[in-house]
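Structure follows, in structure tokens:
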């Protein structure tokens, strides 16, 4: 492990901290933020701090589950195609009486006295009479009161991010307010390479911070690291984390009174990543080289954001077949960026433009020397999907 | 197959079209829209109509790939730790001469005459002199001109959706304008069930249309189907597609002069889905029951949107283990909605609220009776990610 507070400029990283040590530092120093109650109607993309509990039975009464005719199931017991049961068709607006059937649409309340819905295909209709050719079981074609959920029942779990359709569905549960985790404010100081004056790292990091449940704030310059830390829940400084003469991210953090717990991590690309604190605010130093920056964000900084935001772990990764072998160094966690063709993953050269061509990456653990061609390996997408610079 | 133009109200679907027939109708009747040229700076989330070709070499000159000292590799051939090579350190601002080394930061141009970059760790430095303990190969620590891409080389493929960081990277390729597919305008007539006056289907469909590369337009009422078709590239009518008395989606399409190629498809849930045309505009009728609506959108309507938008197929689905068995009917393509616990998929009851609890679905092909508990099956996420109602 790099010694705490060591200036690595013009020296380099004599030793690297094990990747597991970085994960364990994150677990020890980063906790989920507190809850806040907000209207359900404006809660899209927010992350639940406690489970959502239904306030009503759903369905509220027995309702038809399909289009057809509502009948009393017990009356149909003896029906067959030789001796069809004949029922009187009503409009359902009058009280049900024996030998009655009424037309219903899916979702409509069942008339009291009826207990099943026959689909149109199972009947024949003739001048106000309905012929039923076969028995129907009670409850067939019916959604019983409370079948989906009962008042007081937990319905969505802690850590669930609300989807765009959820607010409308929450009204069906009688839920008007939800307790969500306060959104972590993540200050991004992008001081990495620019291309023709255009910042490359901010547009790469900010949508992914939003994806991980954070609120990304672009802050212009590293000199403001103390200011950024005072108004944010996490500071990410991207660029100048390494050991060159102008790599002043770590010294600037230390000069501001911060501590650097780890600097130099056995992650390839991304070894110049640093983790520290400024007062109680976590600070992550990411490399400026775009591929290393993305690798270190996805493997370390993203976990910090997700721990703060309370977002659950992502769904399992799909397995893909490697088109070519991957060779890796024992002792380093290595990310190999790949693109996909017909579901097979082709490793890319580890240069800056691989960020554009890559669709995802494969992780080689520190205990592994790599994977043979044809191996099945987990594929981690780097597609930020629809997440944009701000939530 | 349902007969073209048959009114299914109060009759139901006597026969269902095979799912493969619906896919083949889509392939025959829906083609990618034409291209348009737009500024690269505003092309985030747009889909490439032709490959992006680099206009420059990248790197433009030989550049350092790491922080360290630029040296002429051939001079280091005899260096070892007993007889280190001693070099004169310069600032790199004067022309390189034999026995010189100069400090470089990653990304800086190599001084003419130098051919490798030694990391700080591989050297010792003393009063303007640098001691080199081991030979270095030419090109080590250097990104050669054109190594990433050459001017004129294809760089991103047709069908690729531009990510938020791409516009900045495109400037590095000298690309200022890109040819993208015109965004399909998708009119959504949500006439399905409402909960307390709140539309359930629009908020569910619109973000997914955006995810699939479309531009969702919420249109208020089915009466405007002809109007919607005249200004959109696709019309989706959600609700009233079935065989109830008020299920007027299909009759309204026919009355407007449209044709209904398929109505009633062997898809469960979602059998009342319809596919047709109004003049040249494709029209998809989706069921109003939310779970059936989502199933039919994901399995059929999403493919129509993606064919119009030119979006490539999504990445392969991850495999998950089934917590319980799934039983399905031969002849129907069945979607079973599931939630995940510890990477295992638990099937949910097929009711309306499963839309909220579900994280994704499993598809049982029409030739299968289902899957045993413990089977590994592909998991399709229904998380619309960061896609919102509008792009």
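Chains as they are written, first to last, in the working numbering: chain A, 1 to 391; chain B, 1 to 391.
Beta carbons are placed, not taken as given, at the ideal position from N, Cα and C, and that holds for glycine.
{"query": "Chain-ordered chain B contacts of residue 386 (chain A) [CB-CB under 9 Å]", "result": "45, 207, 210, 211, 384, 385, 386, 387, 388 and 391"}
{"query": "Extent of the continuous beta strand (DSSP E) run through residue 167 (chain B)", "result": "Taken as a continuous stretch (DSSP letters only), residue 167 (chain B) belongs to no beta strand (DSSP E), being part of the alpha helix (DSSP H) at 166 to 172."}
{"query": "As assigned by DSSP and simplified to three states, the class of residue 69 (chain A)", "result": "strand"}
{"query": "Whole beta strand (DSSP E) elements within the stretch 70 to 105 of chain B, 3-residue minimum", "result": "85 to 90 and 100 to 104"}
{"query": "Residue interval of the alpha helix (DSSP H) (run including residue 290 (chain B))", "result": "290 to 296"}
{"query": "Closer than 8 Å to chain B by CB, residue 121 (chain A)", "result": "yes"}
{"query": "Bridge-paired residues (DSSP) for residue 185 (chain B)", "result": "B:215"}
{"query": "Endpoints, beta strand (DSSP E) assigned at residue 29 (chain B)", "result": "Note, residue 29 (chain B): premise wrong, no beta strand (DSSP E); alpha helix (DSSP H) at 19 to 29."}
{"query": "Residues, ordered as in the chain, of the stretch 354 to 388 of chain B that lie near chain A by beta-carbon distance below 9 Å", "result": "354, 355, 356, 357, 359, 360, 378, 379, 381, 382, 383, 384, 385, 386, 387 and 388"}
{"query": "Members of the stretch 245 to 260 of chain B near chain A, C-beta cut-off 8 Å", "result": "245, 246 and 247"}
{"query": "Length at least 4, wholly inside the stretch 207 to 272 of chain A: the alpha helix (DSSP H) runs in chain order", "result": "225 to 231 and 249 to 255"}
{"query": "Whether residue 181 (chain A) touches residue 215 (chain A) by CB criterion (8 Å)", "result": "no"}
{"query": "Cutoff 8 Å: residue 199 (chain B) Cβ touching any chain A Cβ", "result": "yes"}
{"query": "Classification of residue 83 (chain A) by the beta-carbon crowding that lies within 10 angstroms, buried from 16 upward", "result": "exposed"}
{"query": "Close-in-space but distant-in-sequence residues of the same chain around residue 3 (chain B) (CB under 8 Å, 5 per side omitted)", "result": "In this prediction, residue 3 (chain B) scores a pLDDT of 43, lower than 50, which makes its location untrustworthy; the coordinate-derived value is nonetheless stated afterwards. Same-chain partners within the cutoff: there are none."}
{"query": "Per DSSP, cross-strand counterpart(s) of residue 371 (chain B)", "result": "B:326"}
{"query": "Cut-off 8 Å between Cβ atoms - residues of its own chain near residue 50 (chain A), not counting five sequence neighbours on either side", "result": "35, 158 and 179"}
{"query": "Neighbouring residues, chain A, relative to residue 243 (chain B) (Cβ below 7 Å)", "result": "67 and 120"}
{"query": "Chain-ordered neighbours of residue 164 (chain B) on chain A, where CB pairs are closer than 7 Å", "result": "203, 207, 384, 388 and 389"}
{"query": "For residue 55 (chain B), the first and last residue of its enclosing alpha helix (DSSP H)", "result": "Where residue 55 (chain B) is concerned, there is no enclosing alpha helix (DSSP H), given that its DSSP letter is neither H nor E."}
{"query": "Cutoff 8 Å: residue 351 (chain B) Cβ touching any chain A Cβ", "result": "yes"}
{"query": "Spatial neighbours of residue 136 (chain B) in its chain, beta-carbon cut-off 6 Å, leaving aside the 5 residues before and after", "result": "73, 76, 116 and 118"}
{"query": "Distance, residue 92 (chain B) Cα to residue 7 (chain A) Cα", "result": "23 Å"}
{"query": "is_contact[residue 289 (chain B), chain A] using C-beta, thresh 8 Å", "result": "yes"}
{"query": "Cutoff 8 Å: residue 169 (chain A) Cβ touching any chain B Cβ", "result": "yes"}
{"query": "Contacting positions in the stretch 312 to 346 of chain B - beta carbon closer than 7 Å to chain A", "result": "315, 316, 317, 318, 319, 320, 340 and 343"}
{"query": "Coarse secondary structure for residue 35 (chain A), derived from DSSP in three states", "result": "strand"}
{"query": "Buried versus exposed call for residue 183 (chain A) [16 or more other C-beta atoms within 10 Å across all chains shown]", "result": "buried"}
{"query": "Residues of the stretch 86 to 111 of chain B whose Cβ lies closer than 7 Å to any Cβ of chain A, in chain order", "result": "103, 105, 106 and 107"}
{"query": "Under 8 Å between C-beta atoms of residue 290 (chain A) and residue 296 (chain A)", "result": "no"}
{"query": "CB contact check: residue 1 (chain B) to chain A, cutoff 8 Å", "result": "Confidence at residue 1 (chain B) is low in this model, with a pLDDT of 39, below 50, so its placement is unreliable and no value can be given for it."}
{"query": "Bridge partner(s) assigned by DSSP for residue 321 (chain A)", "result": "A:344 and A:376"}
{"query": "Residue 217 (chain A) to residue 332 (chain A) span [Cα, whole Å]", "result": "32 Å"}
{"query": "Coarse secondary structure for residue 391 (chain B), derived from DSSP in three states", "result": "Residue placement at residue 391 (chain B) is flagged as unreliable, the pLDDT there being 46, under the threshold of 50; the coordinate-derived value follows with that caveat. Here residue 391 (chain B) sits in coil by DSSP."}
{"query": "Bounding residues of the beta strand (DSSP E) (the contiguous stretch that carries residue 405 (chain A))", "result": "Summary: the structure shown does not reach residue 405 (chain A), with chain A confined to residues 1 through 391, and so no result is reported for it."}
{"query": "The stretch 201 to 214 of chain A touching the stretch 369 to 385 of chain A, judged by at least three CB pairs closer than 8 Å", "result": "yes"}
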